[in-house]
Amino acid sequence: MILWWKKVSSNEIQKEDINALVLELSNLQSYAEVLRQQMELSTTAIMELTISKSSLEEIKRRGGNAEILIPIGAGNFIRASIKDVNSVIVNIGANVSIEKGIEIAISDIEEKINELIKKSGLPVISVNNPLAEKYNIPIVVNDDYRGGYEVAKFLLNIGCKNLACIKGPKDSPSCEIRFEGFISGLKNMGYNTSNLSVVEGNLEFEGGYEGAKKILISYHKHIPDAIFCINDLMAIGAMKYITERGFKIPDNINVVGFDNIALSSQVVPPLTTVEMRRKEMGIIAAEKLIEFIEDKSKFYPLKIVLPCKLIIRSSTLNKK
1 MILWWKKVSS NEIQKEDINA LVLELSNLQS YAEVLRQQME LSTTAIMELT
51 ISKSSLEEIK RRGGNAEILI PIGAGNFIRA SIKDVNSVIV NIGANVSIEK
101 GIEIAISDIE EKINELIKKS GLPVISVNNP LAEKYNIPIV VNDDYRGGYE
151 VAKFLLNIGC KNLACIKGPK DSPSCEIRFE GFISGLKNMG YNTSNLSVVE
201 GNLEFEGGYE GAKKILISYH KHIPDAIFCI NDLMAIGAMK YITERGFKIP
251 DNINVVGFDN IALSSQVVPP LTTVEMRRKE MGIIAAEKLI EFIEDKSKFY
301 PLKIVLPCKL IIRSSTLNKK
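This is the structure we're talking about:
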């Protein structure tokens, strides 16, 4: 992910007393994207924080008075939330200089963020990033493990026998947890996972397209009757390649995604997927953060796990 920093002057500061910060570190790539330009931060820095407009209005209706939430970064979740954003300015007293064009390993990014949090002394909560737990940062997450598990059960229950999976990068925590849940579900249902065809994708449309190509090429005699993609964008890419090859979805190949992005209900056929409770995550995170702001003694490590929901659409067959 990328945290976007901008050098600002004092007359640009619109909020005088912002004292909270919510970090969104979901969908981590194997490396951070190349930073666009060299940034030298003065002691006042701006971090762009976003939340969907409807979620923010809900917080205000519940009495919240802080415009806070998720920093802009890479990944589907961010792109789904970037419309109608609100930005706030956080005075963190940081002095940071980053060389232009340097790729920084995610582990380094995590350490820098952890140091930044400690230095700022601000209440913080992480949204949908399992790695935050190791830094004792409060987190609100979706139950990715159970989501993957339910996909496995569903595919076997509708009669699928030759399964394949397009997983995400190994250092994407949420993707790995989804994959682990999927494998666990298969094993508990008696499926021989050594027969599972697994390829890795980059979480983008192209990753799904190329992943499906690898899977179908590897099946010389029998094509898989189901492909589970670790996110919706790759599932949509996989569907594109499958139909180009002349196969029918779901008659020949069932396809399941994860995330329930807006596009998943609009593709043809509509995509079966696992819904993440984005709005609820944001509301709960904001409510907890407001508690921390009002009484810092309430600030402590916690983990709130929200259940996922399987959304069954036409990219999978009815139960046999």
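Each residue of the sequence shown is one higher than the last, beginning at 1 in the numbering used here.
We put the beta carbon where it would ideally sit given N, CA and C, even for glycine.
These figures come from a predicted structure and were not determined experimentally.
Check	Outcome
State buried or exposed for N192, treating a residue as buried only when at least 16 other CB atoms are found within 10 Å of its CB.	exposed
Kindly indicate the opening and closing residues of the alpha helix (DSSP H) around A286.	R278 to E294
Helix, strand or coil, according to DSSP, for D143 in the structure here?	coil
To which residues does DSSP link T272 through a beta bridge?	V256
Am I right that E275 and N260 are in contact with their C-beta atoms under 8 Å? What's the rounded C-beta distance?	4 Å
Can you tell me which of the three DSSP states P301 falls into?	coil
Which of helix, strand or coil does DSSP assign to K119?	helix
To the nearest angstrom, how far is it from the Cα of N195 to the Cα of L155?	15 Å
Of all the options R278, G282 and P269, which has the alpha carbon lying nearest to the alpha carbon of L317?	P269
Taking P138 as the reference, give the member of L310, N231 and F292 with the closest Cα.	F292
Quick check on the DSSP output: the beta strand (DSSP E) that includes C165 runs from which residue to which?	L163 to K167
Between which two residues does the beta strand (DSSP E) harbouring E200 extend?	S197 to E200
In angstroms with no decimal places, state the Cα-to-Cα distance between K118 and G181.	33 Å
Distance check for N254 and S315, CA to CA, integer angstroms please.	6 Å
Going straight from the alpha carbon of L306 to that of E280, what length do you get?	9 Å
Roughly how far, in whole angstroms, is the beta-carbon of F179 from the beta-carbon of K167, given that I think they are within contact range, below 8 Å?	5 Å
In its own chain, which residues sit with a C-beta less than 6 Å from the C-beta of C382, not counting the 5 before and 5 after it?	With the chain running from 1 to 320 in the structure shown, residue 382 is simply not present.
What whole-angstrom Cβ distance do S197 and P224 have, given they're in contact under 8 Å?	6 Å
Quick one: give me the first and last residue of the beta strand (DSSP E) that I311 is part of.	K309 to I311
Would you call D144 buried or exposed, if buried means 16 or more other Cβ atoms sit within 10 Å of its Cβ?	buried
In the structure shown, what three-state DSSP assignment does I242 receive?	helix
Using alpha carbons as the reference points, say which of L289, I290 and V256 lies closest to Y149.	V256
According to DSSP, simplified to helix, strand and coil, what is V267?	coil
In three-state DSSP terms, what is L306?	strand
Three-state secondary structure (DSSP) at F247?	coil
So the candidates are I227, I304, H222 and E115; which of them puts its Cα closest to the Cα of C165?	I227
Tell me whether I125 is buried or exposed, calling it buried when 16 or more other Cβ atoms sit within 10 Å of its Cβ.	buried
Since I believe I242 is in contact with A212 (beta carbons under 8 Å), could you give me their beta-carbon distance rounded to a whole number of angstroms?	6 Å
Taking Cβ positions, are T273 and I311 nearer each other than 8 Å?	yes
Roughly how many angstroms lie between the CA atoms of L21 and A285, to the nearest whole one?	In this prediction, L21 has a pLDDT of 38, which is less than 50 and means its spatial position is unreliable; nothing more can be read from the coordinates.
Helix, strand or coil: which one does DSSP assign to S126?	strand
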